[in-house]
Amino acid sequence: MRHSFLSPLAGCLVSFSLHHASYGLNPTDTITWGGDTSRAGYESNHNLDPRVIASADWGNIWTAKLPGAFAGLALEQVLSQPLVYTTDDGIQYVFVATTQNNLYKINAKTGEVVTSRNIGVPFMAADLGSCFDITPCIGVTGTGVIDPSSGLWYLTSKTYSDQFQNTTFGPKSSPGRANGRYYFHAINTSDLSEAPNFPVSVGGTVFRNNPRRQLIAGDQHQRPALLQVGNFIYTGWASHCIQYNYTGAIIGFHKTSGAIVEAYAMEGGEEPNTVAGGGVWMSGGGLAYDGAGSMFFSTGNGYAAQLPANGSPVGGRNPPTALEEAVVNMRINNDGTIQPVDFFMPWEKTQLDGADKDLGTTPFQLLPSSFTCPNSRRIGMVTGKSGKTYWLNVDNLGGYQMGANRLDAAIQVFQHENSVYSAAGIQPLGGYIYINVNNQKTRVLQFSCNANGDATFVEVTTTAEKSAQYLGVGHGTTTSLNGQPGTGLYWMTDVDGLDLRIYDATPPSDGSPLKLLRGFNIQGPGKFNHPVFGDGRAYVAARGSLWAFGAPVNLPLNCTSPIAFPRTAVNSTSTPIPVTCVANVATSVTSFNILGNPNFVASGLPTLPLALAAGDSFQFQAQFAPMQVGPLSSDVVINTTNAVAGSSSRTPVTLTGTASSTSALLNIQPITLTFNTTIGAGAVSKSVFWNNDGDAALTVSGVSFSVVSEQGPWFTPNTTSDGGSQVAQFTFSDLPSSIGPGSQQSVGVVYNPPAAGNHAVFVKIVTSGGTKILDVFGTVGSQPVALYEFQRADGSGWDPYVPGQNFSFGDVAAGTVRTLALRITNNGSSTASPLGLTVSKPPFDAPGYLRASNGLDLAEGTQIAAAQSANATLYCAPPEVQPDMASSQASAAWRINTNNDQGAVVLGFLSHHRDLIRACRFCHFFHHCLELSNDWDLFRGCLYERAIDDDLGASFRDHINFIHYFVGQLNQHDIYFTAFAVVCSVHDPVHNSIDDCVDWTSYLAVYYAVHDTFFDAISNFVHGSVGDFINDCFRGEIYYSFDNLIHLVNLENDLCERNKDKYHNQSNNGNKFEIDNDKLKNDDDHAQPNKVYTNETLMTVNMCASEAKRRDFKFMGVESGKDCWMGDTIDAQALPLSQSKCSTPCPGSKTTACGGSQALQMYQVNSTLLRPKRSSPSPLSCPAADDTVYTARNGARYRIECGWDRKGGTFTLVSAATYEACLNACSTKTGCKSVALVGNYCYLKTGTLPSQYRNDAVRGATLVTK
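Quick note: the sequence shown uses our numbering, first residue 4, plus one each step.
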């Protein structure tokens, strides 16, 4: 059953592989996604007995911890399905690959991690803009495949270029998308080593069918499960959140040489290569193969627009070159190349693209061979984000708009309430299909062939449980015990609620929900998960762990089970069937119990207690005595007391049978049919089964319709041209006149209303087997309208979204948190359909301090009724920083698309962080905190002047005059103060002017928020300019702050008479450097031994000092107005000069001196780092950014030097498209101290360089500090 879709050709192709005698395939292994290449997910080969699984003995037997935690960011995730394989030592192992590029080999029975290996640093989601579908790391995300002929495990991994391997970084210092790399690996399952010729780099691969395009490793994503066909391994490629310039693709490799044998782009036409689309991702599902030379897969949105909505229909055998929103049949050639030979594309392809409703959210699944009808021998299925399931003829997929009325030429289309991302569960035993609908109950449909020979799928029940409200419900999986009837199970995983759920696969005959047998909670389950199976065990991957489920005990008795009785009439008893039990261990039988309804009888039971030695046996009789019609089952539970530990105390014997009626018996399934659609979506079709559960032919004597109630009034419908029955907005087709014994007939119902509203029709079916009433309800809504609003920072209301404008958090102070709400309202009319969020990418795991509070609110799949709203919260929490750092902006983006025609929106959020609190902390020495001006860009410091005179009086006027005079002098030197306030006393409020003071008791304070060169102003003031500024002498103190320290300068009474040179020698611990005596340059022997660089136009003391600080020198100095020198010792022969010799103005700061001719203005460097004058603009450009400081991703800071080249010292060359990329590259490279960017060539240089040279073609920069 497991390989039901594979033909002999598959075996022929596999025989081409190199054979290794020690490798083979255990029947219970799982070496590819879904168990086989049909991707149907039905597996009968794992010894999974429903009796054992339903018992209390079956559960979590071990949990293996996965220790990876790259850079301490988070536990690693497992998004690729684990594989189960028995190696040449005869032991079965689970092979796990994670998003942090870690590989694990785990003993399948014990959970022991036998060996592990890392295959590269992981790629960071932070390099993908606002895409956080997978975060924080992206490593291995596509399920690999194991070749049993060689024992090699093939997979892909996303990482960075070699220079970043064996390094640690985080979201704020990630290497950049341009440095992303993808590799194709072949891993030995014996020891996880790499096979010869591997890994193979995939980035830069040029596509054979479109050489104008190539795969860009940083931009693209390998998510689908890999496919092996003979000697070739195929991989599918898409994008990260449909960003960047990408094309969907299939890339094939030779399994031994690693050679790329095929690279086929889904965007294969002549459109510009900036047209993106056709991604192959399928929520991690696998590329399918039919065993007869054809590969199948589904694709996502695309924008080549080759097949317009109102163009000509296109047959499936003429595929377009842009394979977007399509199911594709690719023929595999002998050399491994592929060629499209058939396709299907939904009729509303253009609308699906606009609403971002991928067809390719699920894989295309090839149904087992039991799903066959005369008109559709082979059937496949796919379900998309639009919520539509398409059943297609595998041998004639259907093309584009080739159906009636230019709709889909599909076998059947079924509309669900919400989007679907998960492969269906498919159970051949009974012909059931299970579809996990996002945030809805799992829908169960049953297959049959109608009287015309067409396949039909009819909804028969649902689960009682809904899937999680946020995205991630897993792919469906079904099992049986070696294909035995009555042993079917349906398995599913979810990201909320019971994370692993196991159901009886057979729906109850009364239409009640599917029976949940077991449910388990798992910590951190992964989205789009998929249980995998070994020998009697199931494995589920989770965040940082692998969970194993099984039975740690054995059954003490081996009994005949299950027992299947022949079809038996109600109220009769079948012929007895003997049940034989053999003791596996010494035991004693203590009781017999029949569970469930009383439809079975056990007789001839032995006398109890019954002692048994190992090997002893006993027998009893079982009979089927049904009391109701339909499939029935029960268990005879034999309770024992065992002499050997490790055996269960209960042994179940399963009894099954189908009860019939000797006369005709009508059964309608389902008895209620509902439709929910939107105007403009087109007609919606569903089916209902009319069953004859009796053993006599059923005759239909009449079918009546009412649009009022189940009691009528009844009327005869209109007859359509094709023989259907039309009643109001509904059309019924294939109404039978008779149904054979034990047979069924599917009746089609089409709902196609012309306007919004609620509709109903009641159908009374009168037959020889009874009368039933079928209720059919339909609701059609007008188009929903999305209204996006963001809460105002002041709480006064809501701001609507305006395209191109950001929502604002306003100014948020450091160390505080501001939480605001995003609100989405269905602003359509009162008849509007629910507004569905088909795409929602909240900035939950985004780097930075502006994020969504969680990933649950407004998640994909959210539905909002008309006139209703749904909210999500975002927060801005800027950290505390140095007070002299530039104010910063934080931003985040939330991409949303809905089920209407408004199109996708990207909601931007912006906050401005100004460190007002810390500014007050360092600038005020009372109990007041001033409201400083809001237009300051960079907090440079503040001044505070306190009078000391006991008799304040008029001396305050002197102080005020002094402050005003001081400010005026600074203004003349282009140093501007932007805020001014006065505190007249401790308890007095803040005033704008000294004239407002009324209570002069103790203090006077003046606060300033200062732009730009505050430091130079204070330095000049403290060290030599005070006398020039003050005409009137007094006692007082000046406090100032420009870093984390508060500094004091005493102003004495005799200040005017003092020599200002005294202040040159004054030690000031808070200053950036101390002014020492000037030293003389003697011929070529400088006081400082290392001349760093010359800058004739930009040199300042600060520039030279920052370079000295960065290089850890103790002393630095400037001379001739342009030359920067530094060193750790002072030449003993250097002679002091008067300050007048060092009077040449600095080119970059005319208010300070940069030495003189043969005169070095020397300074001592202390431990406090010089801060830049201002931060660089964004984006960087010359000359606007010249002499500013840019902060790289990892915090390294660079002074921008437009038009200057530091020649020599180049140790590597990288490609960089932008100034920022060049600097970020330097920040991650050990030893890089400066850069020179010429075009896209970024030269990374060491710190020991000759003088600067002017070159307008160069964009340079020098490291200030790490």
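All C-beta atoms in this analysis are idealised placements derived from N, C-alpha and C, irrespective of residue type, glycine included.
Give the C-beta separation of Gly1158 and Thr1147 to the nearest angstrom, bearing in mind that I take them to be a contact with Cβ-Cβ under 8 Å. 6 Å
Met269 by DSSP, collapsed to three states: which one? coil
Quick one: what does DSSP say Arg381 is sitting in, helix, strand or coil? coil
Pull up the distance between the alpha-carbon of Lys518 and that of Pro510, whole angstroms please. 7 Å
Cutting at 7 Å between CB atoms, please list the residues of its own chain near Asn485, excluding the five before and the five after it. Ser47
Per DSSP, the bridge partner or partners of Leu913: Ser811 and Ser894
C-alpha gap between Gly773 and Ile671, whole angstroms: 11 Å
Flag this pair as touching only if the segment 487 to 494 and the segment 765 to 772 have three or more C-beta atom pairs under 8 Å; answer yes or no. no
Lys68, buried or exposed, once every other Cβ within 10 Å from all chains shown has been counted against 16: exposed
Given 8 Å, three or more beta-carbon pairs between the segment 636 to 644 and the segment 426 to 446: no
Specify the secondary structure class of Leu131 as computed by DSSP and reduced to three states. helix
Excluding the 5 residues preceding and the 5 following Arg540 in the sequence, name in chain order all residues of the same chain whose CB lies nearer than 6 Å to its CB. Ala551 and Gly553
By the DSSP assignment, the alpha helix (DSSP H) with Glu79 in it spans what residues? Where Glu79 is concerned, there is no enclosing alpha helix (DSSP H), given that its DSSP letter is neither H nor E.
From Ser470 to Ala1220, what does the alpha carbon distance come to, in whole angstroms? 45 Å
For Thr467, count the other beta carbons within 10 Å of its own beta carbon; 16 or more makes it buried, fewer makes it exposed. Which is it? Per the sequence presented here, residue 467 reads as Ala, with Thr not at that position. Per the 10 Å Cβ criterion, exposed.
DSSP bridge partner residues for Asn721 (one or two, in chain order): Gln729
Indicate whether the contact test is met: 3 or more Cβ pairs, each with one atom in the segment 98 to 118 and one in the segment 568 to 583, closer than 8 Å. no
From the DSSP secondary-structure annotation, give me the bridge partner or partners of Glu46. Thr482
Take Asp814 as the anchor and find which of Pro125, Asp797, Pro806 and Ala824 has the nearest alpha-carbon. Asp797
So the candidates are Ala228, Arg546, Thr1213 and Ala1260; which of them puts its Cα closest to the Cα of Val1238? Thr1213
Using a Cβ-Cβ cut-off of 7 Å (strictly less than) and excluding sequence neighbours within five positions of Asn532, which residues of its own chain qualify? Gly477, Thr496, Val543 and Ala544
Spatial neighbours of Thr723 in its chain, beta-carbon cut-off 7 Å, leaving aside the 5 residues before and after: Gln729 and Thr734
Using 9 Å as the threshold, is the C-beta distance between Phe460 and Gln415 below it? yes
The segment 660 to 667 contacting the segment 675 to 685, beta-carbon criterion three pairs below 8 Å: no
Which word fits Glu274, buried or exposed, when buried means at least 16 other C-beta atoms lie within 10 angstroms of its C-beta? buried
By a C-beta neighbour count over all protein chains shown, 10 Å radius and 16 as the cutoff for buried, is Asn903 buried or exposed? buried
According to DSSP, simplified to helix, strand and coil, what is Val632? coil
Look at the Cβ atom of Gly1281, then the Cβ atom of Ser690, and state whether they are nearer than 9 Å. Any property of residue 1281 remains undetermined from this structure, which presents the chain solely from 4 to 1269.
Distance check for Asp39 and Leu635, CA to CA, integer angstroms please. 31 Å
Whose C-beta lies closer than 7 Å to the C-beta of Pro756 among residues of the same chain, with five residues either side of it excluded? Gln732, His762, Gly781 and Val783
What residue does the beta strand (DSSP E) around Asn396 start on, and which one ends it? Lys391 to Asn396
With distance defined between alpha-carbon atoms, name the residue in Val264, Tyr247, Pro214 and Asp222 nearest to Tyr237. Val264
Measuring only the C-alpha atoms, how far is Gly146 from Gln95? A small fix is needed here, since residue 146 is Thr in this sequence, not Gly. Computed Cα separation, rounded: 19 Å.
For Lys175, count neighbouring C-beta atoms within 10 Å of its own C-beta (all shown protein chains included) and say buried if the count is 16 or more, exposed if not. exposed
Beta-ladder partner(s) of Gly239, from DSSP: Ile253
First and last residue of the uninterrupted alpha helix (DSSP H) at Leu1226: Tyr1222 to Ser1230
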